[in-house]
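The block underneath contains the structure these notes are about, expressed in C-alpha cells.
Protein chains: 2
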Amino acid sequence: MHSAYIEFATLKYCSSCGDAVSKRIPDGDDRHRHVCDGCDTVHYQNPCIVAGSLPVYENRVLLCRRAIEPAYGYWTLPAGFMENGETTEEGAARESREEANVELHSMELYTMIDIPHINQVYIFFRGQMAQPTYSPGIESLEVELFLEEDIPWSEIAFPSVKMTLKHFFEDRKTGNFPVRTDLIKRFRR
Amino acid sequence: MHSAYIEFATLKYCSSCGDAVSKRIPDGDDRHRHVCDGCDTVHYQNPCIVAGSLPVYENRVLLCRRAIEPAYGYWTLPAGFMENGETTEEGAARESREEANVELHSMELYTMIDIPHINQVYIFFRGQMAQPTYSPGIESLEVELFLEEDIPWSEIAFPSVKMTLKHFFEDRKTGNFPVRTDLIKRFRR
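See the structure below:
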C-alpha cells in the first residue's frame, strides 16, 4: 500500500517539460484540469483502485491489525493500491501476501465500493485459504482468523472493510455470494 | 473520454517542485518508481478505470460509432475514463450522456474486465432506456439500437465491448445477469 494522495495536493509543475501548470478547462473539455503553461500537456487525475481480499479458512475469516496510519492499531482486510501491470485479482493476492503472508485460491470478485470523495474504488475478492498459515507482514501488527462472533466490530479500520464483512456473514447463511456494490459518502469509522 | 496515457511516457520532472525525477526503488518499497531527485516525492502511477454502459431498450442494445481514434469508425458501447469525485455508475451514466445523449435507469454492475498491459480496468453497467431516445455526441459518428442478429461483430472497436455484448446475449437467454469478470491479455480487434 502506498499513498496516491500526494499528486492531488501538489501538482504545480509539468512532469513532461518542468514548466508551471495552471488550472483551466482545455479545449474540447468541460472541466478544470492541470494544464502546462509551456507545452499544453494536460495532466489528468483519476480515481485509484484499492484491491483487497476476504481470506476464508473453514468458518473463520482473516483480519490484519494495522501497523501503519491511517487507522494504526485497527483491524482490516488485506488491501492496497492496485499497481500498473497487474489485474485486480493479482493486486488483491499480492496485498494478501504482503500484509498477512497468506496464499489464496478460488478467488472470486465480491464487493465493489465507490468512495468518490477520496477518489477511490475498493474491489474485494473472496479467497480460500488451503491451510491456516499466515503471519504479519511489515504493515501489520498481528494477523488472526476470527469466528463471526469474535469480529472486533468497533475496531475495524475502514467502512469498506466493515461492509464487506457484513455482506459476507449475511450471504454465508444462504451460501450464495453475488457481487455486491456499495457507496461510501464520507469517511466514518 | 480523455487520454490518461500521457503521464506514463513523459514523467521527467517533479510535479511538486519542478526538479528532475529518476527511476529508483524508494525506501521500504519493492519496485521502481519515479522519485524526485530534489524533494524525494514519489510519483506513483496506477491503473485507470474505464466506466461504461450497455444501454438496453426492449430487445435491442445501443452502440455508438466512434468519431475519434483509436478505432475511428468502429462500434462501441459508451465508455470513458472515470473522473475524480464520481462513482463508477455516475461515470458510466455520464459517458452514456456524452457519447449518445441517452439516459439510463436501473443500472446494474455487469462486467469487470482487466487489461493489465495498458493499465486499465473496464467496468460496465447494464442500464435500461425508458424511451428509444438518443443521438450522437461529439465523439460519435452515429448511434443506433441493434437487435442481436444485426450486431456488427467484425466492426466492434474493443475486445472489452465484444466480451460484454457476448455475455449479455448469452445471459439474456436465462434472464440472469451475474457480474462477469474477464481478462484481456493483449490488444486485438
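The listed protein sequences correspond, in order, to chains A and B. Each residue of the first sequence is one higher than the one before, counting from -17 in the working numbering. Each residue of the second sequence is one higher than the one before, counting from -17 in the working numbering. Positions of the beta carbon are idealized from the N, C-alpha and C atoms, including for glycine.
Residue pairing for A/Q110: DSSP places it in a beta bridge opposite A/V38, A/H87. In the three-state DSSP reduction, B/S(-3) falls in the coil class, being neither helix nor strand. Take the alpha-carbon of A/P134 and the one of A/S35: they are about 18 angstroms apart. A/I7 counts as exposed, since fewer than 16 other C-beta atoms from the protein chains shown sit within 10 angstroms of its C-beta.
Around the C-beta of A/C18, 16 or more other C-beta atoms lie within 10 Å, and the residue is accordingly described as buried. Close to A/L(-7), with beta-carbon spacing below 9 angstroms, are these residues of chain B in chain order: S(-3), S(-2).
Ranked by how close their Cα comes to the Cα of A/G157, the residues A/S78, A/T115, A/R108 have A/R108 in first place.
In this structure, DSSP gives A/S117 a state outside helix and strand, which the three-state scheme calls coil. Distance from the CA of B/G10 to the CA of A/V125, rounded to the nearest whole angstrom, comes to 20 angstroms.
Beyond the five residues adjoining it in sequence on each side, A/K5 comes within less than 8 angstroms, by CB distance, of H14, R15, H16, V17 in the same chain, given in chain order. In the DSSP assignment, A/E126 falls within the beta strand (DSSP E) that extends over 122 to 128.
If you look at B/V143, you'll find it in the alpha helix (DSSP H) that goes 141 to 154. Rounded to the nearest angstrom, the gap between the Cα atoms of B/E77 and B/A61 is 6 angstroms. In this structure B/R47 touches B/S122 by the C-beta definition: roughly 6 angstroms separates them, less than 8 angstroms. Contact check for A/Q102 and A/P29: beta-carbon distance about 6 angstroms, within the 8 angstroms limit, so the pair qualifies.
At least one CB of chain B lies nearer than 7 angstroms to the CB of A/M64. In this structure, the alpha-carbon of A/G73 lies about 13 angstroms from that of A/E90. The beta carbon of B/V161 sits closer than 8 angstroms to the beta carbons of L91, Y92, T93, M94 from its chain, once the five residues preceding and following it are set aside; these are given in chain order.
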